[in-house]
Amino acid sequence: MLRTQQPLQEPLLLTIIRLLRWDKPAGRLILMIPALWAVFLAGNGTPPAPLVTVIVLGSLATSAAGCVVNDLWDRDIDPQVERTRTRPLASKALSLQIGLAVALVAFICSGILALYLNPFTFWLCVAALPFIILYPLAKRVFPIPQLVLSLAWGFAVLISWSAVTDDIQPATWLLWTATVLWTLGFDTVYALSDREDDLKIGINSSAIFFGEYAPEAIALFFAGTVGALATLGGILHLQFPFWITLLISFILWTWQYTFLRQTNLPKPIYGKIFGQNVWIGFILLVGMILGILL
3 MLRTQQPLQE
13 PLLLTIIRLL
23 RWDKPAGRLI
33 LMIPALWAVF
43 LAGNGTPPAP
53 LVTVIVLGSL
63 ATSAAGCVVN
73 DLWDRDIDPQ
83 VERTRTRPLA
93 SKALSLQIGL
103 AVALVAFICS
113 GILALYLNPF
123 TFWLCVAALP
133 FIILYPLAKR
143 VFPIPQLVLS
153 LAWGFAVLIS
163 WSAVTDDIQP
173 ATWLLWTATV
183 LWTLGFDTVY
193 ALSDREDDLK
203 IGINSSAIFF
213 GEYAPEAIAL
223 FFAGTVGALA
233 TLGGILHLQF
243 PFWITLLISF
253 ILWTWQYTFL
263 RQTNLPKPIY
273 GKIFGQNVWI
283 GFILLVGMIL
293 GILL
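Sequential numbering from 3 applies to the sequence shown in the numbering used here.
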């Protein structure tokens with residue numbers, strides 16, 4: 003008599019890695035990028051290596067904590083969304099207790115790293131916590147929840163810049179503005195893949211809010227990013243490598259807008275465009291570093 007073969011159970015460690023989204027590095031890197039922008043600009047292209055290490059590890063730990071918190075809040079919503087139904091908490095591959103424990107460990111790691119920073123920057127880290135913890139609830143009550151995420155992303159700039167200078171300068175706010183607008187742009191792209199499911203469930207997103215004009219809204223966000231970065235480059239007297247990379251970024255964002263204007267795009271395309279923004283962010287980082295040093 004033939005015996006039915008049972009599916010192999012995923013090892014616990016791999017399931018936790020999926021919970022932390024470490025199997026999808028694009029989302030982790032895209033938070034790290036504004037933090038690196040800030041630390042290198044504030045540090046005149048050569049910030050202390052130990053500080054850069056803390057910023058990198060801190061962004062990884064914080065984004066991991068944010069992912070777990072998001073999944074804890076959305077464990078009853080995620081099963082109704084095609085893209086998220088296989089997440090560990092949504093699929094019940096992990097228990098609520100393990101999810102809470104992993105979130106606690108991630109926040110503790112972030113807190114330990116924050117102790118390396120100056121007192122002003124440490125309290126900025128504390129101020130970012132409500133945005134990280136409450137962002138997932140925004141989609142239930144706020145028409146553009148991506149704005150809340152963008153503000154959380156903006157703390158990466160404030161924290162990293164002040165970690166070098168011990169204060170926040172006018173140039174810091176220009177980089178913060180660029181980061182908030184850039185995040186609104188790429189996260190609205192990401193939200194387009196879930197628009198149909200979100201409408202059925204009755205939750206909010208910027209993709210739903212802007213409707214058929216979502217590509218134009220994304221274009222405006224990216225244009226604002228270019229404007230803020232150009233102003234910042236002028237104030238900091240960045241040299242030609244920065245302007246070349248800013249032009250490349252503008253061209254790539256323009257191409258993304260023209261592509262997004264097409265109808266009936268396959269859902270995976272939105273994820274690919276989101277991933278392209280990781281490369282754009284690193285291109286700009288190289289331009290900023292060389293624009294200071296040359």
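The C-beta atom is built at its ideal place from N, Cα and C for all residues, glycine as well. From a predicted model like this one, the values you see are computed outputs, not experimental measurements.
Report back the beta-carbon spacing between residue i and residue j to the nearest angstrom; my notes put them in contact at under 8 angstroms.
{"i": "residue 43", "j": "residue 238", "result": "7 angstroms"}
{"i": "residue 112", "j": "residue 67", "result": "6 angstroms"}
{"i": "residue 126", "j": "residue 164", "result": "6 angstroms"}
{"i": "residue 286", "j": "residue 251", "result": "6 angstroms"}
{"i": "residue 283", "j": "residue 35", "result": "4 angstroms"}
{"i": "residue 226", "j": "residue 292", "result": "About 24 angstroms; that fails the 8 angstroms criterion."}
{"i": "residue 212", "j": "residue 255", "result": "No, residue 212 and residue 255 are not in contact; Cβ-Cβ is about 17 angstroms, not under 8 angstroms."}
{"i": "residue 93", "j": "residue 85", "result": "At roughly 13 angstroms, the Cβ-Cβ gap does not stay under 8 angstroms, so residue 93 and residue 85 are not in contact."}
{"i": "residue 59", "j": "residue 30", "result": "That pair is no contact at about 11 angstroms."}
{"i": "residue 116", "j": "residue 124", "result": "5 angstroms"}
Are the CB atoms of residue j and residue i within a distance shorter than 9 angstroms?
{"i": "residue 18", "j": "residue 100", "result": "yes"}
{"i": "residue 158", "j": "residue 150", "result": "no"}
{"i": "residue 186", "j": "residue 174", "result": "no"}
{"i": "residue 28", "j": "residue 162", "result": "no"}
{"i": "residue 79", "j": "residue 210", "result": "no"}
{"i": "residue 21", "j": "residue 91", "result": "yes"}
{"i": "residue 64", "j": "residue 103", "result": "no"}
{"i": "residue 41", "j": "residue 166", "result": "yes"}
{"i": "residue 245", "j": "residue 235", "result": "yes"}
{"i": "residue 288", "j": "residue 247", "result": "yes"}
Whose C-alpha, out of the options, is nearest the C-alpha of residue i?
{"i": "residue 196", "options": "152, 253, 45, 81", "result": "81"}
{"i": "residue 192", "options": "116, 280, 285", "result": "280"}
{"i": "residue 214", "options": "229, 34, 194", "result": "194"}
{"i": "residue 218", "options": "246, 199, 188, 202", "result": "188"}
{"i": "residue 26", "options": "11, 69, 51, 116", "result": "69"}
{"i": "residue 240", "options": "252, 290, 224", "result": "290"}
{"i": "residue 198", "options": "226, 269, 236", "result": "269"}
{"i": "residue 45", "options": "168, 20, 229, 182", "result": "168"}
{"i": "residue 145", "options": "190, 172, 124, 116", "result": "190"}
{"i": "residue 143", "options": "271, 272, 206", "result": "206"}
{"i": "residue 181", "options": "117, 166, 231, 116", "result": "231"}
Give me, in chain order, the residues of the same chain whose beta-carbon lies closer than 7 angstroms to that of residue i; leave out the 5 immediate sequence neighbours on both sides.
{"i": "residue 154", "result": "130, 133, 134, 137"}
{"i": "residue 233", "result": "176"}
Who are the Cβ neighbours of residue i in its own chain at under 6 angstroms, not counting the five residues just before and after it?
{"i": "residue 258", "result": "275"}
{"i": "residue 32", "result": "280"}
{"i": "residue 277", "result": "28"}
{"i": "residue 83", "result": "196, 199"}
{"i": "residue 263", "result": "217"}
{"i": "residue 152", "result": "182, 185, 186"}
{"i": "residue 118", "result": "56"}
According to DSSP, is residue i part of a helix, a strand, or is it coil?
{"i": "residue 84", "result": "coil"}
{"i": "residue 145", "result": "coil"}
{"i": "residue 265", "result": "coil"}
{"i": "residue 207", "result": "coil"}
{"i": "residue 200", "result": "helix"}
{"i": "residue 90", "result": "coil"}
{"i": "residue 26", "result": "coil"}
{"i": "residue 73", "result": "helix"}
{"i": "residue 218", "result": "helix"}
{"i": "residue 193", "result": "helix"}
{"i": "residue 279", "result": "helix"}
Using a Cβ-Cβ cut-off of 8 angstroms (strictly less than) and excluding sequence neighbours within five positions of residue i, which residues of its own chain qualify?
{"i": "residue 3", "result": "Its pLDDT being 42, under 50, residue 3 is placed unreliably in this model, and the coordinates cannot settle the point."}
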